[in-house]
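Colleague: I have a structure I would like to understand better, so I am pasting it below and will then ask my questions one at a time.
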Amino acid sequence: MIITTTNTIDGVEIKGYKGIVFGEVVAGVDFIKDFKASFTNILGGRSKSYENELIQGREEALEELKQRATALGAGAVVGVKVDYETIGNGGNNMMMIIASGTAVEI
């Protein structure tokens, strides 16, 4: 399965459009990660715990997108976009990662 952010694939003909597909992941960020990240926020630098959470969430969202495209009989997904949001309030924040694109027959 080809997954690309571009609207075309070099050297590949798009024969048909199967529809828009999504992959959604909502991941909780636990107290320990929040606590560790608060030190990074004060002292500066990168928060590996949050970065790892984002990487894992993005990979899961793209895998779900791929599975949904496959179920439609697509051979590729073009125009892929990945969005990140936080949801919740107070200390109950969660990360939402959404991957979307157009499933196509090639």
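Sequential numbering from 1 applies to the sequence shown in full-length UniProt numbering. Beta carbons: idealized from backbone N, C-alpha and C, even for Gly.
(1) Any idea what DSSP makes of Gly57, helix, strand or coil?
(2) Give the single residue among Gly28, Thr8, Gly23 and Phe22 whose Cα lies nearest to the Cα of Ala95.
(3) Give me the DSSP bridge partner(s) of Ala76.
(4) Using CA coordinates, which residue listed in Ser100, Val82 and Leu54 is at the minimum distance from Arg68?
(5) My assumption, with CB atoms under 8 Å, is that Val80 sits in contact with Thr4. Please give the rounded CB distance.
(6) Looking at the unbroken beta strand (DSSP E) that takes in Gly19, where does it start and where does it end?
Modeller: Considering the structure as presented:
(1) For this step, residue 57 is matched to residue 57 along the sequence shown. The answer is helix: DSSP assigns Gly57 an H, G or I state.
(2) Start at 1 with the first residue of the sequence shown, and residue 95 comes out as number 95. Checking the displayed sequence, the identity of residue 95 turns out to be Met instead of Ala. Here the closest residue by C-alpha is Gly28.
(3) Walking along the sequence shown from the start, residue 76 turns up at place 76. Ala76 is bridged to Ile2 and Val104.
(4) As a working mapping, residue 68 is identified with position 68 in the sequence shown. The shortest Cα separation from Arg68 among Ser100, Val82 and Leu54 belongs to Ser100.
(5) Numbered from 1 along the sequence shown, position 80 holds the residue referred to as residue 80. Numbered from 1 along the sequence shown, position 4 holds the residue referred to as residue 4. Contact flag correct, Cβ pair sits at about 6 Å.
(6) Here residue 19 is taken as the residue at index 19 of the sequence shown, counted from 1. First-last of the beta strand (DSSP E) with Gly19: Gly16 to Gly28.
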